[in-house]
Each structure stands twice: as structure tokens, then as C-alpha cells.
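S.K.: The sequence shown: position 126 = 627 (my numbering), numbered continuously. Could you have a look at this structure, given as C-alpha cells, before my questions?
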Amino acid sequence: MENYQRYSKFVEDWKKARFPARPSEEEMPILDRLMRGIEINEVKDDVKGKKKGTLNYNQGKKLLILGATPEFRDLGFKLKLKVTCADINIDMLEGMKQLMEFPNSEEVLVKCDWLNMPFEDNSFDLVFAEQSINIIEVEHFDDFLREAKRVLKDKGIFVLKAIVLLDENEENILKKAREQKRDIIYIYDKVCNMPKHYINNVRSHKDVSKYFSGLIKQGKISQAEYDKFIHHFGAICNADLKLHALLKEEFEKILKTHFRIREILYGKDFEKHSLHPIYVLEK
Ligand SMILES: C[S@@+](CC[C@H](N)C(=O)[O-])C[C@H]1O[C@@H](n2cnc3c(N)ncnc32)[C@H](O)[C@@H]1O
Numbered sequence: 502m503e504n505y506q507r508y509s510k511f512v513e514d515w516k517k518a519r520f521p522a523r524p525s526e527e528e529m530p531i532l533d534r535l536m537r538g539i540e541i542n543e544v545k546d547d548v549k550g551k552k553k554g555t556l557n558y559n560q561g562k563k564l565l566i567l568g569a570t571p572e573f574r575d576l577g578f579k580l581k582l583k584v585t586c587a588d589i590n591i592d593m594l595e596g597m598k599q600l601m602e603f604p605n606s607e608e609v610l611v612k613c614d615w616l617n618m619p620f621e622d623n624s625f626d627l628v629f630a631e632q633s634i635n636i637i638e639v640e641h642f643d644d645f646l647r648e649a650k651r652v653l654k655d656k657g658i659f660v661l662k663a664i665v666l667l668d669e670n671e672e673n674i675l676k677k678a679r680e681q682k683r684d685i686i687y688i689y690d691k692v693c694n695m696p697k698h699y700i701n702n703v704r705s706h707k708d709v710s711k712y713f714s715g716l717i718k719q720g721k722i723s724q725a726e727y728d729k730f731i732h733h734f735g736a737i738c739n740a741d742l743k744l745h746a747l748l749k750e751e752f753e754k755i756l757k758t759h760f761r762i763r764e765i766l767y768g769k770d771f772e773k774h775s776l777h778p779i780y781v782l783e784k
């Protein structure tokens, strides 16, 4: 079964999923600002006589979303952008409508492979991707970036939120989590993105739940914590979704061969978001 086909198995459960599988509340203001094309100093105050939060340099511009991300589709609708979504799995494009606050009859849904998209060169002002690159094999990362660059306009920006690996050991992660009173989702994110869980740069979710039930037996997490983990990520584990990722330095080496990294941003609470950099990329 192809990795993307596994999504059809948990479209319904996507409602229960949350960060790091979906954008966090702390990340949304950053993604909002980037989609408006405004600088950090233009967010807070009334600037240019515009009421707070209404400044938007990208109204009417063309946005391409790599995937079916409901949060991005709502943002694109709210900011009056011309929204196109590219996803290889129709179930996701249609299924994610249930999670959208603003049904958008104008959005264009395109069933296609990100590695070979049916769009002209220099078609989009903005390209947004939420962990999309981590769904495909590492050996295709260059093709993915090359294709995103091809469809992006010269003055456009590519906002790529990706998973990067953490070279940390389990003991330190659990110690820090307990000291900082972090929840099981934090532990899941840090422990499972340790390089040792990525065999040839691939991590299987099925192994994750097995690993976590092992932590209960070792008394390192409680049954209640495990149950909370399964509530939010059980469906993704059962579908055995695969994730592909590299250490940050390795990943950025590949990024720089295709783009200029203008900014690397993180949701507020860096500790929580440290494995999920938001790259602002330019041609
Ligand atoms: C983790 S999401 C990534 C995108 C984003 N987070 C989302 O919510 O759509 C995975 C989505 O990527 C799609 N997908 C996986 N591989 C793909 C490919 N090669 N081309 C286009 N879509 C793909 C799946 O169908 C699924 O909807």
C-alpha cells in the first residue's frame, strides 16, 4: 500500500489528531502573517491606517497548498487568496472539507503527485506545505523541492513546515519532560523523532505504539498517558503511516541547493516546536 493511501483510513479520525500531526495554535499566527505577506513589525500595531490584523498584501494572489490542510485552506479563504490544493488522495481533499470552518466553493482541488504537478512554471505567488515533504521518501526530497520551485513565481515565497530529527537520548527527553511538566504528546514527538527510530530515514507509526506500550511496562509512562496518546494518534498508528526525515543540518543542506532560506520560524514555546521548523524559502 502506498503511504498516501493510508490517509483514507483515518480521514474521519483527523478531527482527533493534533500537533505535531496538524499545525499548533501557536504556529497559526506565524502562518497567518506569512500568508498576508506582512513583516513581524507590521502585525501588532495599526499600520498605514489599517485596523489591526487587516493588513494583507496578498489579497487576490495565487496560493498553492501541497496537501489538503484544512487550516491553510481556511486561512487562504479568509485572506481572499485564490486557493489551489494539490493532493494525490481525493479522499483527503474532499474529507478535509469537514474540518474547514469556511467552505470555499472557489478553491481548486487538483488530484496530482507533488513530484509531477500539472501547473505551468511560475504559476503561484505562495506555496504552503505542512509536513508534506515528510510523507515522501528522502530520495525524492530533491524532486519535491525542484517541482515546488518550478511552479513558484520568482518573487514568491515557499512556506515549508517540516519535521527534523533530534539527536537526543530517551532518558534526557523523559527527564526534561517531567521537569517541565510536559504532556505525553510532547514525549511522543521528541522520543519518536530520535534518529534511532528512523531506519533508513523512515519511521513507521506501528512501531511507535509498540514502543510506547513498552514504556508503560518500564513504568516510564502511565496507562492514562498511553490512553491519551492512543486517543489522538491511535488511528494514525493503526494505518501505519510512514514518516521520512533527516537531522536538521542534513535537511537544510538539501534545502539550500534549491532555495534561499529567508527565515526559520517556530511556534511560540520553542521547546515544544523545536522539531518543526517553518522554513520561509525564496528562489
Ligand atoms: C501529512 S499530509 C501533508 C500535507 C498536510 N499536512 C495535509 O494535511 O494535507 C499528507 C497528505 O499528503 C498527501 N500525499 C502524500 N504523498 C503525496 C504525493 N506524492 N503527492 C501528492 N499528495 C501526496 C496525502 O494524500 C495526504 O493527504
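All C-beta atoms, glycine included, are put in the ideal place defined by N, C-alpha and C.
Indicate whether the contact test is met: 3 or more Cβ pairs, each with one atom in the segment 608 to 617 and one in the segment 708 to 728, closer than 8 Å.
M.R.: Remark: fewer than three beta-carbon pairs, one from each stretch, lie closer than 8 Å, so the segment 608 to 617 and the segment 708 to 728 are not flagged as touching.
S.K.: Can you list, in chain order, the residues of its chain whose CB lies under 6 Å from that of residue 654, leaving out five sequence neighbours each side?
M.R.: 623, 626
S.K.: State yes or no: is the C-beta of residue 504 nearer than 7 Å to some heavy atom of ligand 1?
M.R.: yes
S.K.: Where does residue 558 land, buried or exposed, given buried means 16+ other C-beta within 10 angstroms?
M.R.: By the neighbour-count rule (16 or more Cβ atoms within 10 Å), residue 558 is not buried but exposed.
S.K.: Is the distance from the Cβ of residue 615 to the Cβ of residue 569 below 8 Å?
M.R.: no
S.K.: Out of curiosity, what's the CA-to-CA distance linking residue 768 and residue 531?
M.R.: 7 Å
S.K.: Would you decide whether residue 700 is buried or exposed? Buried here means 16 or more other CB atoms lie within 10 Å of its CB.
M.R.: When all chains shown are included, residue 700 counts as exposed.
S.K.: Going by CA-CA distance only, name the one from 691, 589, 537 that's closest to residue 578.
M.R.: 537
S.K.: In whole angstroms, give me the CA-to-CA distance for residue 776 and residue 637.
M.R.: So the alpha carbons of these two residues sit roughly 18 Å apart.
S.K.: Hey, how far is the Cα of residue 763 from the Cα of residue 659?
M.R.: When the Cα atoms are used, residue 763 and residue 659 turn out to be separated by approximately 10 Å.
S.K.: Kindly give me the distance between the Cβ atoms of residue 620 and residue 652, rounded to whole angstroms, as I take these residues to be in contact under 8 Å.
M.R.: 5 Å
S.K.: With a cut-off of 8 Å, does the C-beta of residue 713 fall near any C-beta of chain D?
M.R.: As a matter of chain content, chain D is missing from the structure shown, which is built from one protein chain.
S.K.: So what does DSSP say about residue 770, is it helix, strand or coil?
M.R.: It is coil, neither helix nor strand.
S.K.: Which residues in the same chain have their Cβ closer than 6 Å to the Cβ of residue 566, if we skip the five residues on either side of it in sequence?
M.R.: The residues are 573, 586, 629.
S.K.: Which of the three DSSP states is assigned to residue 606 in this structure?
M.R.: Under the three-state reduction of DSSP, residue 606 is assigned to coil, being neither helix nor strand.
S.K.: Checking 8 Å against the spacing of the C-beta atoms, do residue 592 and residue 508 come in under that value?
M.R.: yes
S.K.: Smallest Cα separation from residue 580: which of 748, 692, 679, 539?
M.R.: 539
S.K.: If we require 4 or more residues per run, which alpha helix (DSSP H) segments fall completely within the segment 690 to 778?
M.R.: You should have 706 to 718, 724 to 739, 749 to 757, 771 to 774.
S.K.: Would you kindly report the start and end of the unbroken beta strand (DSSP E) that includes residue 660?
M.R.: Where residue 660 is concerned, the enclosing beta strand (DSSP E) stretches over 653 to 662.
S.K.: Quick one: is the Cβ of residue 648 within less than 7 Å of any heavy atom of ligand 1?
M.R.: no
S.K.: Put residue 675 into one of helix, strand or coil per three-state DSSP.
M.R.: helix
S.K.: Let me know the beta strand (DSSP E) ranges lying completely inside the segment 596 to 643, each 3 residues or longer, listed in chain order.
M.R.: 609 to 612, 625 to 631
S.K.: At a threshold of 7 Å, does residue 689 count as lining ligand 3 (C-beta to nearest heavy atom)?
M.R.: As far as ligands go, the structure on display features ligand 1 and does not contain ligand 3.
S.K.: Rounded to a whole number of angstroms, what is the C-alpha to C-alpha distance between residue 773 and residue 684?
M.R.: One C-alpha to the other measures close to 10 Å.
S.K.: When burial is assigned at 16 or more other CB atoms within 10 Å of the CB, is residue 633 buried or exposed?
M.R.: When all chains shown are included, residue 633 counts as buried.
S.K.: Flag this pair as yes or no: are the beta carbons of residue 643 and residue 755 separated by less than 8 Å?
M.R.: yes
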